[in-house]
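Residue numbers (our numbering): 78 to 496.
Next comes the structure, spelled out in structure tokens:
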């Protein structure tokens, strides 16, 4: 294994794995920290954790454990993957994990670049945009767990870490890899260790990747990994692997827990032509909606590729959080979806689409997956996945990713149809 990656959620990890596979690297996504050794033919390993919203100390501890396992596999470079909307609070978890990993690896400088132009995420003068809106005007300011109220990534990151935060501005990035390296050298002389790097297009990300060829640690969204496979190829360490995908027959279903704008639109689009069951917070917490009821409904509607969702408007979610407590409500919903995923497989589901980072983490845990084979891309940032050793397909979608018709498209492509 050459490149060792640590993801703070499961959808983001599959997004990164997708990027590396498209870059020609033999990539496996692991569901948590593996117990044994990686297969000998794995060139990039992505350890998917569920650490985005857990207590800081827990996120740091799990990330360091993942780092140790990846080091044992022989990795020469490491990547910490988080969301392209920099999902975090003022206290973490991105900054504390990046700081802990950099200290463990002796990294004097670490790139911080959540940009993903293909999904509309760009960084200019250290500020993160979603489309033509600043991050704090994109809907992310209403995120139920990690509301992003400041688009200045330098400032937000500095709240989270004792390390000094600097900037490699677009004026340097646009001039290519050598200029980026020189800008990083100036930042190093100024004592800045975590470097937010501007990026507006994929060409910028390839240049950043080339500039990072000899860095022990890189952090960011999947976009900044675009140039990493080529670094290993230049050194003659990898070829150019092509992924073959065989379709999966059998019933399909969709589970959606994300409350993002994109996912709410996808839910509305899909339920217009498919049976849908809404999991309302009050009904779940009062015991009126039970796993048995949802499981029976799923079985009854299996032929029509049903949707079970808890996606709701931000104001509805906010009221429920105030009533039941953010932590307790999130735990109940995630536990429900984990158990429902297991029920879906018991009923014969073989193609499952999951929307939302926390939901997808719960779904993968409910299915007890150990490793995922990464297949072709469905929409930018979302690949098809096959559970290792099983005839079972998954699509794990971050909340804001995917076109309006994503759910139907994903189920169709998992079956073998082209997108």
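Every residue gets a Cβ at the ideal spot worked out from N, C-alpha and C, and that includes glycine.
Between residue 477 and the ligand NAP, is the CB less than 7 Å from at least one heavy atom? The ligand content of the structure shown is nil, which means the ligand NAP is not present either.
Please classify residue 370 as buried or exposed, where buried requires at least 16 other C-beta atoms within 10 Å of its C-beta. exposed
DSSP state of residue 398 mapped onto helix, strand, coil: helix
Kindly indicate which residue of 437, 353, 438 has the alpha-carbon position closest to the one of residue 381. 353
Cα-Cα, which of 378, 473, 358, 418 is closest to residue 398? 358
Check for me: the alpha helix (DSSP H) holding residue 137 runs from which residue to which? 133–149
DSSP puts residue 166 in a beta bridge; with which residues? 169
Outcome for residue 364 when other beta-carbon atoms lying within 10 angstroms are tallied against a minimum of 16: exposed
Between the beta-carbon of residue 212 and the beta-carbon of residue 228, is there less than 8 Å? yes
At least three beta-carbon pairs within less than 8 Å, the region 405–416 to the region 81–95: no
Might you give, ordered along the chain, the residues of its own chain that have their beta carbon closer than 6 Å to the beta carbon of residue 215, omitting 5 neighbours on each side? 207
Give the secondary structure of residue 478 by DSSP, where H, G and I count as helix, E and B as strand, and everything else as coil. coil
Can you list, in chain order, the residues of its chain with a C-beta nearer than 6 Å to that of residue 324? Leave out the 5 residues immediately preceding and following it. 492, 493
Cβ-Cβ distance between residue 95 and residue 355 below 8 Å: no
Please identify the residue among 271, 233, 297 whose C-alpha is closest to the C-alpha of residue 180. 271
Pick helix, strand or coil for residue 464, following the three-state DSSP scheme. strand
Flag this pair as yes or no: are the beta carbons of residue 108 and residue 441 separated by less than 8 Å? yes
Where residue 352 sits in the DSSP three-state scheme: coil
Residue 286 - DSSP class collapsed to helix/strand/coil: helix
Please report how far the alpha carbon of residue 487 lies from the alpha carbon of residue 351, in whole angstroms. 14 Å
By the three-class DSSP mapping on this structure, what secondary structure does residue 305 have? helix
Are the Cβ atoms of residue 40 and residue 274 separated by less than 8 Å? Since the first and last residues shown for the chain are 78 and 496, residue 40 lies out of range.
Taking its Cβ as the centre, do 16 or more other Cβ atoms sit within 10 Å of residue 167, making it buried, or is it exposed? exposed
Candidates 157, 308, 338, 169: closest to residue 290 by CA position: 308
Quick one: what does DSSP say residue 273 is sitting in, helix, strand or coil? strand
Which runs of the alpha helix (DSSP H) fall wholly inside the region 159–239 and span at least 4 residues, in chain order? 171–182, 230–237
Kindly identify the DSSP beta-bridge partner or partners of residue 428. 329, 470
Is residue 110 helix, strand or coil when you go by DSSP? coil
Does the distance from the CB of residue 388 to the CB of residue 348 come in under 8 Å? no
CA-CA distance, residue 449 and residue 162? 25 Å
Span of the beta strand (DSSP E) holding residue 450? 448–456
Since residue 265 contacts residue 154 with CB under 8 Å, what's their CB separation in whole angstroms? At roughly 19 Å, the Cβ-Cβ gap does not stay under 8 Å, so residue 265 and residue 154 are not in contact.
Just to confirm before moving on: does the CB-CB distance between residue 146 and residue 131 stay below 8 Å? no
Within 10 angstroms of the Cβ of residue 221, are there 16 or more other Cβ atoms? Answer buried if so, exposed if not. buried
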